[in-house]
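Right, one structure below, let's go through it.
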Amino acid sequence: MDQKTLIQAFRAAFSGQLETKASNRDAIAAFLHDEATIIVDDLPYPLDKSGFFDHHDFHEAGLWDKRTLSIIDLTADVYDTADGKAGLLFGRYNFRGKPADAGFRQRPGHVSATCVWDGEIWRALNLHFSPLFAQVLDASPG
Amino acid sequence: MTLAEAFETLRNALATGDLEGFYGLILPEAHILDEDLPFAGDKAAFQDHISFHGPDNWEGFGWIPRDLRFFQQRGTGSVVGYSTFRGKPRDAGYRIRPMMFSQGWRKADGDWKLALWHQSPIVGHVTRISPA
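Those protein sequence lines, which keep their order, are chains A and B.
Numbering-wise, the first sequence is residues 1 to 142 according to this note's numbering.
Numbering-wise, the second sequence is residues 1001 to 1132 according to this note's numbering.
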């Protein structure tokens, strides 16, 4: 339950080619706590776990020929708490792939997660993906 | 102190200009991504950035969180919600910055401390997802 295991848990869930790995969905389900709140980069509101998978499955329903998540500069901090350990992840990513019948896409952004060690695995209480360009161009729209 | 109370303390400290109280709730090594920067920093970098947004450049501003979701497990706390950063820059019109945010807190020695704060402009979640 150190930084290495925290990064491994995140990468097991989100690294690689997403829509062709049946095990990927299970790894994400294990990583997300049942009460987790998730912000994805292409929706303007937070989701619960079932909402996240509804959105996840939309993207996997034949809409993409290929889709991967490239993760860089992922850092992990682990803190002792009163009742266990807290794990904080922060990094950058690039969603990239090719939608069916359209040109390729790239979605660079930041990702973070607040995780707890439940005694056996790390589980995310929140997960947040956000578009990089918005941090520069959309801070003051009104 | 509960997680919600710790969050309220953080919010009230910022709202009243109690920067000592505000920064006192943040861990030095915290990762903070502000809504108007394309990179994250630690507490010192965040303080430097907030100082830039001080009275020299703003006549006044507020950070208004709404629709909050609190959840905690084993001394790890999550706060997720919407917020609006709003105010008036000097010599310019007002600004409103609607965003979503997530926070990670850890509890030790009875105190909650902020370890992660990620803010992202809402409009970008609609219009900036596939720039290339």
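Beta carbons: idealized from backbone N, C-alpha and C, even for Gly.
Bear in mind the structure is a predicted one, so any value in this text is a computation, not a measurement.
Which residues mark the beginning and the end of the alpha helix (DSSP H) in which residue i is found?
{"i": "B/His-1118", "result": "Per DSSP, B/His-1118 belongs to no alpha helix (DSSP H); it is in the beta strand (DSSP E), 1111-1121."}
{"i": "A/Asp-54", "result": "49-60"}
{"i": "A/Gly-91", "result": "Not the alpha helix (DSSP H): A/Gly-91 falls in the beta strand (DSSP E), residues 85-99."}
{"i": "A/Ala-76", "result": "From DSSP, A/Ala-76 is part of no alpha helix (DSSP H) but of the beta strand (DSSP E) over 64-80."}
{"i": "B/His-1049", "result": "1043-1052"}
So with CB distances below 7 Å, who are the chain A contacts of residue i?
{"i": "B/Glu-1035", "result": "Gln-135 and Ala-139"}
Let's see if you can read the secondary structure: which residues bound the beta strand (DSSP E) around residue i?
{"i": "A/Phe-10", "result": "Not the beta strand (DSSP E): A/Phe-10 falls in the alpha helix (DSSP H), residues 3-14."}
{"i": "A/Ala-113", "result": "105-117"}
{"i": "B/Pro-1028", "result": "1026-1033"}
Identify every residue that forms a DSSP beta bridge with residue i.
{"i": "B/Ala-1203", "result": "There is simply no residue 1203 of chain B to check, as chain B begins at 1001 and stops at 1132 in what is shown."}
{"i": "B/Met-1099", "result": "B/Ser-1083 and B/Pro-1121"}
{"i": "B/Thr-1076", "result": "B/Gln-1073 and B/Arg-1106"}
{"i": "B/Phe-1061", "result": "B/Gly-1087"}
{"i": "A/Ser-130", "result": "A/His-110"}
{"i": "B/Arg-1128", "result": "None; B/Arg-1128 has no bridge partner."}
{"i": "A/Ala-124", "result": "A/Leu-32 and A/Cys-115"}
{"i": "B/Thr-997", "result": "Residue 997 of chain B falls outside the range modelled here, since chain B spans only 1001 to 1132, and no answer is possible."}
Whose Cβ in chain B lies nearer than 7 Å to the Cβ of residue i?
{"i": "A/Phe-90", "result": "His-1031, Ala-1040 and Leu-1116"}
{"i": "A/Asp-42", "result": "His-1125 and Ile-1129"}
{"i": "A/Glu-35", "result": "Phe-1071"}
{"i": "A/Leu-125", "result": "Phe-1071, Gln-1073, Thr-1076 and Ser-1078"}
{"i": "A/Thr-5", "result": "Ordered by position in chain B, no residue passes the 7 Å Cβ test against A/Thr-5, which lies about 15 Å from the chain."}
Give me the chain B residues within the contact set of residue i, using Cβ-Cβ distance strictly less than 9 Å, ordered along the chain.
{"i": "A/Ile-39", "result": "Val-1080, Met-1100, Phe-1101, Ser-1102, His-1118, Ser-1120 and His-1125"}
{"i": "A/Leu-74", "result": "None at all; the shortest Cβ gap to chain B is about 11 Å."}
{"i": "A/His-110", "result": "Leu-1033, Pro-1038, Phe-1039, Ala-1040, His-1118 and Ser-1120"}
{"i": "A/Ser-70", "result": "Per Cβ cutoff of 9 Å: no residues; A/Ser-70 is ~13 Å from chain B at best."}
So which residues on chain A does residue i lean against when the C-beta distance must stay under 9 Å?
{"i": "B/Arg-1011", "result": "Simply none; closest approach about 18 Å."}
{"i": "B/Gly-1090", "result": "What sits at residue 1090 of chain B in the sequence shown is Arg, not Gly. Those do not exist, as B/Arg-1090 stays about 14 Å from chain A at its closest Cβ, beyond 9 Å."}
Three-state secondary structure (DSSP) at residue i?
{"i": "B/Gly-1017", "result": "coil"}
{"i": "A/Ala-29", "result": "helix"}
{"i": "B/Glu-1008", "result": "helix"}
{"i": "B/Leu-1068", "result": "strand"}
How about residue i: is its Cβ closer than 6 Å to a heavy atom in the ligand HEM?
{"i": "B/Leu-1019", "result": "By its list of ligands, the structure shown contains no ligand whatsoever, and the ligand HEM lies outside what it can speak to."}
Check: Any residues in the segment 1069-1083 of chain B with a beta carbon nearer than 9 Å to a beta carbon of chain A? Which ones, in chain order?
Finding: Within the segment 1069-1083 of chain B, the residues whose Cβ lies closer than 9 Å to some Cβ of chain A are Arg-1069, Phe-1071, Gln-1072, Gln-1073, Arg-1074, Gly-1075, Thr-1076, Gly-1077, Ser-1078, Val-1079, Val-1080, Gly-1081 and Tyr-1082, listed in chain order.
Notebook entry, point to check: What residues in the segment 1100-1113 of chain B have a beta carbon less than 7 Å from any beta carbon of chain A?
Noted result: Those residues of the segment 1100-1113 of chain B that come within reach of chain A (Cβ to Cβ, closer than 7 Å) are Met-1100, Ser-1102, Gly-1104, Arg-1106, Lys-1107 and Ala-1108.
Checklist line | Against chain B: residues of the segment 77-107 of chain A by CB proximity under 7 Å | finding: Answer in chain order: Asp-77, Tyr-79, Asp-80, Thr-81, Ala-82, Asp-83, Gly-84, Ala-86, Leu-88, Phe-90, Arg-105, Gln-106 and Arg-107.
Next item on the list: May I ask you to list, following chain order, the residues of the segment 1043-1071 of chain B that have a beta carbon less than 9 Å from some beta carbon of chain A?
Entry: If you check each beta-carbon in the segment 1043-1071 of chain B against every beta-carbon of chain A, the ones closer than 9 Å belong to Asp-1067, Arg-1069 and Phe-1071.
Notebook entry, point to check: Using a Cβ cut-off of 8 Å, which residues of the segment 57-69 of chain A contact any Cβ in chain B, in chain order?
Noted result: So nothing in the stretch comes that close.
Checklist line | Selection of the segment 45-56 of chain A by Cβ proximity to chain B, strictly under 7 Å | finding: Among the residues of the segment 45-56 of chain A, those with a Cβ less than 7 Å away from any Cβ of chain B are Pro-46, in the order of the chain.
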